[in-house]
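Residue numbers (the numbering used here): 1 to 311.
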Amino acid sequence: MVGALHCTGTPTEQAHAQPEGLRDNRPLSRCLWYPKPLMTDRYAVFGHPIAHSKSPLIHGLFAQATGQALEYTAIEAPLEGFRDTLLAFRAAGGRGANVTLPFKLQAFELATHPSEAARMAGAANALKFDGERILAENFDGMGLVNDLQRNLGVALAGKRVLLCGAGGATRGAILPIAAEKPALMAVANRTAAKAHALQADFANHLALHTGGYEDLGGMTFDVVINATSTGLSQDRLPLPPDVFARDALAYDMVYGKGLTPFLQQATEAGVDRLADGVGMLVEQAAEAFVWWRGVRPDTRTVIDRLTVPLT
Ligand code: NAP
């Protein structure tokens with residue numbers, strides 16, 4: 001039997017609400033089951049928390065536009081229960097999953113067949129189930145590059161690109177950006193040692209300029225990307241104002257927050273090309289959709305629908 005997951009109920013209630021044959025008294029996240037037609041392929045995004053996720057909306061719109069019969073839900077896995085929740089979903093017929101904070105690392109570790117992008121990021125944001133095989137991808141970096149080049153019209157070849165932050169998002173972005181042959185790639189981070197560690201990890205692939213923000217004096221960049229979590233905390237980055245070249249693009253990976261402190265900083269430095277990460281979000285979803293379904297959805301209408309003005 002195939003069922004739809006809805007996030008509610010105690011573990012005991014869940015165990016009793018599961019269909020016969022699947023009832024094994026293990027907590028299945030916080031989810032209840034009820035029957036659905038057998039033919040609907042099931043996907044889900046896993047995170048904690050997950051209520052804020054736009055992925056069900058995005059994939060629902062993709063499915064509608066491409067005529068794909070699928071169900072895509074949001075599942076909040078317990079903090080200590082990602083593995084069990086994901087495997088129960090697969091056992092119940094799940095075909096694939098997106099994974100968001102804080103489970104991207106665990107998703108990578110669970111994979112039997114991680115892609116090069118997932119390996120270099122050390123994290124996965126998309127999984128595909130194929131029998132016993134768990135294929136893992138990391139589409140965040142590709143989503144960023146597609147947004148920059150296709151949607152915003154910024155060709156990265158020959159450009160000087162600065163990534164602020166040295167967490168998972170930067171790690172995932174380095175190779176896809178490097179593949180476009182920028183003239184220079186730099187990573188600056190509050191904890192400089194974490195940026196230097198990236199230089200060592202990617203040494204076989206490219207020469208990265210790394211350091212703290214204080215090391216950026218005298219350098220200018222055509223594309224400055226905020227891959228820190230300051231868009232959520234309202235903190236400012238200690239960026240030298242002349243870090244933005246003339247006609248630079250300032251890009252904040254966070255989305256739906258309007259004019260973030262980073263974008264405000266860029267505006268004050270005279271930058272008028274600003275973008276947030278809504279396009280990256282939709283483009284990484286599109287890559288997962290193609291991977292799962294073999295059909296490329298149009299992203300423009302979905303980006304327009306989710307865009308919050310940068311004011
Ligand atoms: P992460 O792994 O937790 O890394 C956070 C980074 O932010 C670290 O480099 C950290 O520096 C830095 N940071 C945090 N607070 C700071 C502060 N007050 N001042 C300076 N630096 C600070 O997070 P992540 O997964 O890389 O995500 C980063 C951002 O990208 C988040 O806002 C996330 O929402 C966004 N994102 C967007 C998409 C999309 O599709 N649009 C996809 C992925 C991520 P330290 O190392 O010094 O702590």
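A virtual CB, placed ideally from N, CA and C, is assigned to each residue, including glycine.
Item                                                                                                                                                       : Value
I want to check one thing, is the minimum distance from the CB of D140 to the heavy atoms of the ligand NAP below 7 Å?                                     : yes
Alpha carbon to alpha carbon, how far is A245 from F82? Give it in angstroms, no decimals.                                                                 : 43 Å
When every heavy atom of the ligand NAP is checked, does at least one fall within less than 7 Å of the C-beta of D331?                                     : For residue 331 there is no data in the structure shown, the boundaries of the chain being 1 and 311.
Here's the rule: buried if 16 or more other CB atoms are within 10 angstroms of the residue's CB, otherwise exposed. What is T112?                         : exposed
Should K181 go down as buried or exposed, given a rule of 16 or more other Cβ atoms within 10 Å for buried?                                                : exposed
Can you give the Cα-Cα distance for V254 and A74, rounded to whole angstroms?                                                                              : 20 Å
So, does the region 113 to 126 touch the region 59 to 79, judging by three or more C-beta pairs under 8 Å?                                                 : no
Can you tell me whether A285 is buried or exposed? The criterion is at least 16 other CB atoms within 10 Å of its CB, across all chains shown.             : buried
In three-state terms, what does DSSP make of K128?                                                                                                         : strand
Smallest Cα separation from L249: which of D272, E132, A157?                                                                                               : D272
Nearest to G165 by alpha carbon, out of L239, R150, Q149?                                                                                                  : L239
Does any heavy atom of the ligand NAP sit closer than 7 Å to the C-beta of V122?                                                                           : Strictly speaking, residue 122 in this sequence is Gly, with Val absent from that position. It does not: the Cβ of G122 is nowhere closer than 7 Å to a heavy atom of the ligand NAP.
If contacts are defined as beta-carbon pairs under 8 Å, then G312 and I177 qualify, I think. What distance do you get, rounded to the angstrom?            : The structure shown does not extend to residue 312, since the chain is modelled only from 1 to 311, so the question has no answer here.
So, at 8 Å on beta carbons, what are the nonlocal neighbours of A266 in its own chain, with the 5 sequence-adjacent residues on each side left out?        : V224, F244, A248, A250, L274
In chain order, what residues of the same chain lie with their CB nearer than 8 Å to the CB of L281, ignoring the 5 residues before and after it?          : K54, I58, G143, Y255, L306
Report all residues from its chain with a CB closer than 8 Å to the CB of G217; omit the five preceding and five following residues, and keep chain order. : P240
Among all the DSSP beta bridges, which residues are the ones paired with R273?                                                                             : L249
Report the residue from F108, T260, D41 whose alpha carbon sits nearest the alpha carbon of G172.                                                          : F108
With respect to 7 Å, is the separation between the Cβ of V161 and the closest non-hydrogen atom of the ligand NAP below this value?                        : no
Give me the DSSP bridge partner(s) of Y43.                                                                                                                 : Y72, G96
Where does V254 sit, in a helix, a strand or coil, going by DSSP?                                                                                          : coil
Sort out for me which residues DSSP pairs F108 with in a bridge.                                                                                           : Note: F108 sits in no beta bridge, so no partner.
Measuring only the C-alpha atoms, how far is G21 from D41?                                                                                                 : Reliability fails at G21, whose pLDDT of 33 lies under 50, so the model's placement of it is uncertain and the value that follows must be treated cautiously. Taking the straight line joining both Cα atoms gives about 20 Å.
Tell me the rounded alpha-carbon separation between K257 and L79.                                                                                          : 26 Å
With DSSP as the reference, please indicate the residues paired to N226 in a beta bridge.                                                                  : C164, D252
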